[in-house]
Structure formats: structure tokens, C-alpha cells
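Note sheet for the following structure.
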Amino acid sequence: MSRRGPRHFAKLAFVLADTDEPADAYVTGFHDRILAAAPGDELLGLWRRKLIAWDFEQSPTWSTTAPRSPERRTEVYGKLALDADLRKAFDTAVPVHTEPGPVTISREFQPWYTREQAANRSFYWASYERLLRRKGWNDAAVSGLDEAAHAVVERLADPTGDDPYGARGLVVGYVQSGKTANFTGVTAKAIDAGYRLVIVLGGTLNLLRGQTQRRLDMELIGQENILGAADPNDPDALVGIDYQDDEDWPAKFVSFGARPSVLGAFDIERLTSRDRDYMALERGISALEFEKPDRTRPLHDPANLHAARARIMVVKKNKSVLEKLVKDLKKMGPILGEIPVLIIDDESDQASVNTTDPKKWEDGKVTRTAINGQISKLLTLLPRAQYVGYTATPFANVFIDPGDEEDLFPRDFLISLPRPTGYMGVQDFHDLDTVEEGEGQAEKNHVRGIYDSTGDRLQEALDAFVLTGALKLYRADHGVASAPFRHHTMLVHESVRMAEHAALALRISTMWHNAAYTGPEGHTRLASLFEKDFHSYTDGSLPTPTTYADLKPYVSQARRLINQGGSPVMVINGESERDYAQPDLDFDRTPNVWKILVGGTKLSRGFTVEGLTITYYRRTTQQADTLMQMGRWFGFRPGYRDLVRLYIGREESLGRGRNAKTVDLYEAFEAICRDEELFRAELARYAPLVDGRPQVTPAQIPPLVSQHLPWVKPSARNKMFNAELVEVRSPGKPIEPAAYPQGAALTSRNTERWKSVLAALSGTSATCVLRPDETSPLPRSFQAATTVIPHAQLLSVLSSLEWEDGNVLAPHLTYLSQLDGRLARVDDWLVIAPQRTQRNRIEAAVLGQGPFSLFRRSRQSGKQSFGRISGMEHRLFAQQLIELPDSASAGDGFPALGATRGAVLLYPVVEATRDDEVKAVAATGTAGTDRVIMAFTVIPPKAAIDTQKQLVRFRSKDSTRPDAVIVNAD
64 MSRRGPRHFA KLAFVLADTD EPADAYVTGF HDRILAAAPG DELLGLWRRK LIAWDFEQSP
124 TWSTTAPRSP ERRTEVYGKL ALDADLRKAF DTAVPVHTEP GPVTISREFQ PWYTREQAAN
184 RSFYWASYER LLRRKGWNDA AVSGLDEAAH AVVERLADPT GDDPYGARGL VVGYVQSGKT
244 ANFTGVTAKA IDAGYRLVIV LGGTLNLLRG QTQRRLDMEL IGQENILGAA DPNDPDALVG
304 IDYQDDEDWP AKFVSFGARP SVLGAFDIER LTSRDRDYMA LERGISALEF EKPDRTRPLH
364 DPANLHAARA RIMVVKKNKS VLEKLVKDLK KMGPILGEIP VLIIDDESDQ ASVNTTDPKK
424 WEDGKVTRTA INGQISKLLT LLPRAQYVGY TATPFANVFI DPGDEEDLFP RDFLISLPRP
484 TGYMGVQDFH DLDTVEEGEG QAEKNHVRGI YDSTGDRLQE ALDAFVLTGA LKLYRADHGV
544 ASAPFRHHTM LVHESVRMAE HAALALRIST MWHNAAYTGP EGHTRLASLF EKDFHSYTDG
604 SLPTPTTYAD LKPYVSQARR LINQGGSPVM VINGESERDY AQPDLDFDRT PNVWKILVGG
664 TKLSRGFTVE GLTITYYRRT TQQADTLMQM GRWFGFRPGY RDLVRLYIGR EESLGRGRNA
724 KTVDLYEAFE AICRDEELFR AELARYAPLV DGRPQVTPAQ IPPLVSQHLP WVKPSARNKM
784 FNAELVEVRS PGKPIEPAAY PQGAALTSRN TERWKSVLAA LSGTSATCVL RPDETSPLPR
844 SFQAATTVIP HAQLLSVLSS LEWEDGNVLA PHLTYLSQLD GRLARVDDWL VIAPQRTQRN
904 RIEAAVLGQG PFSLFRRSRQ SGKQSFGRIS GMEHRLFAQQ LIELPDSASA GDGFPALGAT
964 RGAVLLYPVV EATRDDEVKA VAATGTAGTD RVIMAFTVIP PKAAIDTQKQ LVRFRSKDST
1024 RPDAVIVNAD
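For the sequence shown, my numbering begins at 64 and goes up steadily by one.
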């Protein structure tokens, strides 16, 4: 049962039984063993691993079904010829893992890295897989990493190919979500396949480079490759060998049992070490010279390649370091064209991107920033070099600004990794679905706003830090694994100016020492905060004291841990290596880092603040720099995710004089989060192949995303995206514009175009009842005005609407206009105009029709677009009607839609941040057309598509260069 796919199990078992006579090979015995197996049964464990691997495999030669689906599992059972009892037993023991896998957008490529080839040469991958399982990774996590890493390697060039080609790719993960594990897996598979020089660009600080080196040494390269020929039992031989002072050496470093070359594989030579970056090598260029058993053939010939040692270096993104590397490589001469090279760029949007202004480039000459220039030289010197960037920021310039076609744009593939299980991210802090009244649940659970009316809440944040430390200690005492509680940190960011950090640290230190945590005043404050906050929002599955009295004994212990070393506060400006070399900040070597960290926006990317539980984030300067820093609070928080709190400025002053404005930092960050989530959703939607070919290539992603995010465009004025989005088809999926016009005249004209629909809605009322689903086990309902209009009428209204920044509906209108029978048939549309709850309803007539319930929406910070227009319950109701077109809905007068009726949600929206502003618009009982934006969500029937199921169409503006990302606009 290889990765060639499942085969008839009984036949295979009998073949094996004839030779080896294994006890479990007899089908009857196997059948009984599986049906009676306990959860920890070894045989069941082997089958779990195989079933999950088959479930996860993307585009296998043996199946056309979607991975991670019940259909794939049914096909597997069929090929194995298992009976109903076994199928039921396996379904119970190994449920189908339906969470999303990696999303791949790729050009067509020549397959070379088959599953058979991967299995035949898998020395380092097999070792890494075993290590992951020893670390506690479950089968689904290992198979998920296997598939994601395989998807990267198969899109690199064949290292044994005659014609050199350098692929360019990008892997998009989440902030602090374990991207290193993915690129370690990619490195393992790539060197197994034949890549013989791996260059990892590992951050801009020695600390970060050293951390990456140590991780690769510990989990991939292993003891035997680190020791080389040195005898581990001879102290003299170990002088100068890495990690002899490391408390994890050798126990936690992978071991192969002997030198890999002795075991029939190949050794790895490290060209950098934990404490030594790449430097001009003492042995000269010989360290980079590759041995060739057959000198008549090139290095990339299999006869030479698989006998050669691999070289790995982890290099800091530093101009002088990279210059040394380029200088050494230039000395090697023609053999550079024979070396299969993999360059992995960690945090690829940091330092690597060419940030010079394209408008200032001289004709025909590109000006490059220092790091970008050195990376470009590397790629030019190494024609067989593959470049794979890793980032948590989809909108990095390396992606959105492909103005320099020889730069690092991921022309070959883009892979979006799934949100890992247990990861605390965007959805945990932001309610991305519109919340009609008050705060959403995520905000209630974790976000504590700082307003003018609340004061600075800094003392409360310090109290929360002490309380959560005490709660961690309480949980460790009551059976919760204590390893995640080893470090406990609070991050304070109030200024970008380093001179102010010391003053802030002194202020916090003074506040800390005056907090009276051991006296009645302090305990009274902590008890109040515990009752009003933490007691209300704790995870019921984790031990939590019922009263503060039960927690009180742990408070003094938490205070002692925070005070150890003399001060509870540390300053990390992020400007120099010195900040990160503080012994008390070494999360690997310090037993417990329980500290309040005062940091600036330059706190280096890639530097993970372990145990981060309380974040205090404000801005008191004029500088409105990027919000990238704000994702610090994302990550894995096992055993304490319910304790995480974000204190964030909601009314921060920026600028002076006429330029002064008030900014809500929470909303500003949410706007970025919405863009990123939309980006990931777009990739997932268009990733499925149609007739074995990609619907979308990486070059088409920028124009596809720019229909929602107009700022995604080439920087140079004389350039444009070559791919023009012609049509987007959305069967069963919502079409919901967000960037409505801001001008009063345009708004008024657009509102008037809805008059016939408003007239049909006027005076109607219905109760819309939602079916119970995963969002709620209980039925819910809302009131709405409803009507049914012909398809031609809706198309006429939508086609007449005006937009300020190009017609954002154009690709959708191309699709909708063909639903007259040419592509598919839609006869009519159910229009639903929801009403707000009676308590919060604000009504007014619009164009003499109604009255209708007016909805309040605000545009995203600094943008033309609103957040989500449709309310979650309204959209769920419409989606339920679409998903079950043959089922009538509960409530008033909602027969089954059938296959030819779509749904429309229609909202009279007033742009406002408070209900008082909406009431002012409705004060006379009639809302002016220039104040009401008719916002809408259109959901076509699921059947509104042809048999090909192609969801998107492009055309090339320059048809002679179909693969070009951008072309001249002249």
C-alpha cells in the first residue's frame, strides 16, 4: 500500500501471507482485530497514518476526488475493497479530517517529484518525520506538513534536469504560526531529491540567524553531521565543535546512528554554525567545491549528484555578509551552472524587497536596495537556484509590486498554509462578521479598549499581568501541563521613540512598586478585576478558581517570578543586537522569563515573545507607521488562550494642527486583517483545477485581488497588470461590493436606481427563521421586507450603478448577464431587506417608499471600503435558502427557491459611527437619497454555472507575452 494509492487489501494480504506469513495478514484475523482495537492499538495506528495520508494527498494519480473529503475516503475504501463493518470502524477511529489544507496557486509545471521518487529518496525527510512524531505531532499534522512541503518541492525545477531553470515561489503562513517547520520539511525533501546547496536567509539579527541555525541543526542536520569525523567520546576532539555548552546537546538533537554516508545516504556539511555567520572561509573556496565521481558528466547528472554531500548555510540578511558569499561564489567559475541550489528567504518581505521608487529608475536600469541587490546577484550567479520566500504578510511588496520582472515576484507558485490547529489569530480578536449591536464575542473575550473616558488603563493591564500569572500557576497546580507556562510576558508599546522607552520603563517600574500587590489595596484591586473580567471569560474546560480567595496564594508567587533579576521591566528597542543579547531575554536558555517588555515598532520581525499574555498598545507620537508590529499577540497559547488580553488605543491622537486626527488602532488593524482574510479566501476559491489546469496563475492574482483592494497596483505609472479580469462566476457564493461611492451626487443617483425594487418591497413584512447550524443549535429569526423580482430587472439596476474607482461590478455583471440561459438560467431573485431589532430600529421612507430600517456602517480606517455589509444572521439565512434550494424555510411565506431563483440582501445604509447620526438622517421620517447608500449582497443559485465550472476568466492585454506580470501602459 504505497503512496501510489490504496489497492485491494485482501489480495495483497494473501500475497504477503504466502511468503512472510505475518499474523495480521489473514483477512479474518485482521477484521476481528480492527473491530476490537483499543484507541492505542499499534495496528490501528498504522492504518490511521495511511488513511490520513491518502485523505490528504493533493492531485494524486490514483484519484480525482478532492482531498480531505468524504468522497476521497469512500474512494479509498472502495479501492481497498473493505466491507461495511470495517468502513464503519475506521470512520469511528479515524474520522475524515475536513479542515482546509494548503491552498496552491501555480503555473502549469512539468511533474518530476512523484510520490514514488519521494519515497525512494527520503533519508532526511523520514528522519524529520520521526522527530515530529516524537515531539507529539499527530498524524494529521504530520501529513499536512508532508503535503504542503511536497507541494513546494514538486514545483521547483528538477535538480537533475539538463536545462537550468530558477523557479520563484512564495509560501504565506500566519504570524508566529510555525513557518520554520514548513521550510525545514521543504529543505529535507529538497536535499533528498538532489539539491546540494541550501542557503537560508535567516533574519536581520545574529540572534535570529542563530536561532534558525540551531533549529535546523537540531531537527534536520543532526549530531553526526555536526560532529563530522570527531569522536564524541574524546573531549579533545570536541574542542571547537558546536553545542558542547548547550543543555539540549546531545539528547534533543536528531541522531541517525551513524554518518549518513555510511548508511547509504549523503552527509551534510555546515558552512555556518550557531555563533558564526558566513564568512570568507579559512579553507578558501574548497568548502564549496563539489566532488564528482564521474568528471565527464555535470554535477547535476544523477551519477554525480546523489553521491555528493549537501551544503547548508544560514545567512543573516546583511549587506557585507552577502557580499562575501557572492564574492566566494564568483571564484568557482563554470561549475556554478551545475549546482542545484535552494534559497529559502525567511520573512521575505523584510529587507529582501526592492523598496527603491520605480518612478526614479533611469530608463532601462533598475536601482536596487542593498539586500535585494545581493539576492539578485546570487540568483544571477546560480542559474539553477530556486527562490522560495516565506512570509506572514500576503501584501508584501515582493508580491504586490512586480514592477521589476527580474525581481522576486513568485511567478511560479504561491502556497497559502492553513491556519494551524490551536493557533490564536485574527478571528480570536476581531469579529469580522458585522455585529449589529454592541461588541462581538471575540472583542468581549480578549480586547480592552483605551478611550479618553477610561483613562490609560495601564495599572489595570499590570494587574491583569499579575492575575494571569497567578492563574497559570493555579492551573499548573491543578493538572494542566506546565510547559507552556514556563514564560509569562507582557508587551508594552506606547511610542516609536527610543528616548521615550526608558522613561516609560521607569514609569511602569514605579507603578509596579507602588501597586501594593502584597497589601490589602492591591488584593482588593486584583479581586475586583478577577470578578468583573477573568472569572466571566475563562474557558470552562480549564481549572479556574471560583473566588479570588482561592487564587490569592498564587499571586505572591507570580509577583516573585516577575521580580526575579531585580526589575520586572526590560527595554527592547530593536535597534541593535545588544537589546536581544540580554540574558534574561533568552527564551531558550533562561528557565523562566516572566517580564514586562517595553518595545518599539522596530522590535524585530521573527523575534517571538514567548508566553505573551497581556499586550498594551498605544501611540502617542505623530508618526503613523505600519501596523505590522500589532500581530505580536497572535500565536499558540495552550492552556491560557482564554487569559490573553489586548489593551489597545481606540481614540489615539495623531498629528498636530490641521493634520490632527483621532485613530482607532483596533479598527485600523482590523482593516488589514479583513484584507488578508479576503486574500486567503480568494486564493482558496480559485485554487481548484479545471480539466487539470489552473484557473488562476500567480501573475493573475494581483489584478484579481485589486478588484477588492484598489491599492494593489504597480508603482510605476507607465506600467499596468498584463492580466485583465474579465469575468468572475459565483454560483452559490455571495457577491458583496464594499467600496461604495463617497460623493453625494453619485450616491443619490445610485439610490434612485433602486426605486422600482423599493416600491415592490414597500409594505411587506416576513419572519425569516434560520435553521440550527454550527453557529447556533437554536433557531433564530429576524423581520424583513421581501419581494421577488425578475432577473432582467435586477440586472438592469446593477448595470446602471456608478462607481468612483472603475466599475468594481464589471466582472460579476459579465457573469450575471449570461444567466439568461446562455451560461445557465436564473428566472428571478428573492429580495430580502432585513430590519433591525425592534429595540434598535431606526426607520425612514426612501424615495417615498417604506419605511425601511436604516443600517449603520462605517468605512474602514483610511479606506474607501466598508467592512462587511451584510449581517451574519441575514447572510446565513440567505445562504441556507441557496444551499437547500429544494427545501422550504420555516417562517412566513418562504417556499423552496428551486434551482433558478437567487437571493439578494438589500440594506439602506447610512455612513455613521453612532446611532445618533442615523437618527438625524431619519429625523423627518424621510431619508435623503444623498445620505442613503443602497448596499447589497447578491447570491446566485448553486446551479448557475455550466458543466466546466470555470469560475474566473482573464485576458492578456499584451497577447504576445501571456506570462508577463506587468506590461507597458503606453
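All C-beta atoms in this analysis are idealised placements derived from N, C-alpha and C, irrespective of residue type, glycine included.
One Cα belongs to Thr161, the other to Arg259, and the distance between them is close to 37 Å. With a threshold of 16 other beta carbon atoms within 10 Å, His937 meets it and is buried. At the C-beta level, Asp705 and Thr609 stay beyond 7 Å of one another. For Phe929, the three-state secondary structure derived from DSSP is strand. For Ala847, the enclosing beta strand (DSSP E) begins and ends at Arg843 to Pro853. In this structure the stretch 901 to 912 does not touch the stretch 921 to 931; the number of beta carbon pairs closer than 8 Å is below three. Exposed is the label assigned to Asn870, since fewer than 16 other Cβ atoms lie within 10 Å of its Cβ. DSSP, reduced to helix, strand and coil, places Thr243 within a helical segment of the structure shown.
Counting along the chain, the unbroken alpha helix (DSSP H) around Val216 starts and ends at Asp202 to Val216.
Among the bridge pairs identified by DSSP, His551 is matched with Trp657. With distances taken between CA atoms, Ser240 lies nearest to Arg700 out of Gly934, Asn435 and Arg700. Residue pairing of Gln912 in beta bridges, as defined by DSSP: Val909. Taking C-alpha positions only, Ile895 is separated from Gly965 by approximately 11 Å. Measuring C-alpha to C-alpha distances from Phe670 to each of Gly265, Gln763 and Ala533 identifies Gly265 as the nearest.
Contact check for Val159 and Arg136: beta-carbon distance about 5 Å, within the 8 Å limit, so the pair qualifies.
Unbroken alpha helix (DSSP H) stretches of 4 residues or longer found wholly inside the stretch 817 to 842: 818 to 824, given in chain order. Ser383: member of the alpha helix (DSSP H) spanning Lys382 to Lys393, first to last residue. Segment contact: the stretch 437 to 452 against the stretch 396 to 414, three or more CB-CB distances shorter than 8 Å; contact assigned.
Pairing Leu554 with Pro631, the inter-Cα distance amounts to about 12 Å. Cβ atoms of Cys736 and Val510 stay farther apart than 8 Å, at about 13 Å. Judged by their CB atoms, Arg652 and Glu790 are not nearer to each other than the 7 Å cut-off. In the DSSP assignment, the residues bridged to Gly712 are Ile513. For Gly806, there is no enclosing alpha helix (DSSP H), as DSSP marks it with neither H nor E. Taken through DSSP and simplified to helix, strand or coil, Asp496 comes out as coil. In the structure shown, Glu162 falls within a coil segment according to DSSP collapsed to helix, strand and coil. The beta carbon of Lys393 sits closer than 7 Å to the beta carbons of Leu444 from its chain, once the five residues preceding and following it are set aside; these are given in chain order.
Annotation: Val759 is outside any alpha helix (DSSP H) and is labelled neither H nor E by DSSP. In the DSSP assignment, Phe597 falls outside any beta strand (DSSP E), carrying neither H nor E. Distances from the CA of Leu960 to each of Lys507, Pro971, Glu974 and Leu944 were compared; the closest alpha carbon is that of Leu944.
Ile284 has no beta-bridge partner at all, per DSSP.
Nearest to Arg756 by alpha-carbon distance, out of Gly303, Leu480, Arg360 and Leu1014, is Leu1014. 7 Å or more divides the Cβ of Leu480 from the Cβ of Gln437.
Gly662 is not a Cβ neighbour of His550, given a cutoff of 7 Å. Going by DSSP, Arg1016 is part of the beta strand (DSSP E) stretching over Val1015 to Ser1019. The three-state secondary structure of Gln627, taken from DSSP, is coil. Spatial neighbours of Ala1006 in its own chain (CB-CB distance under 6 Å, excluding positions within 5 residues in sequence) are listed in chain order as Ala962.
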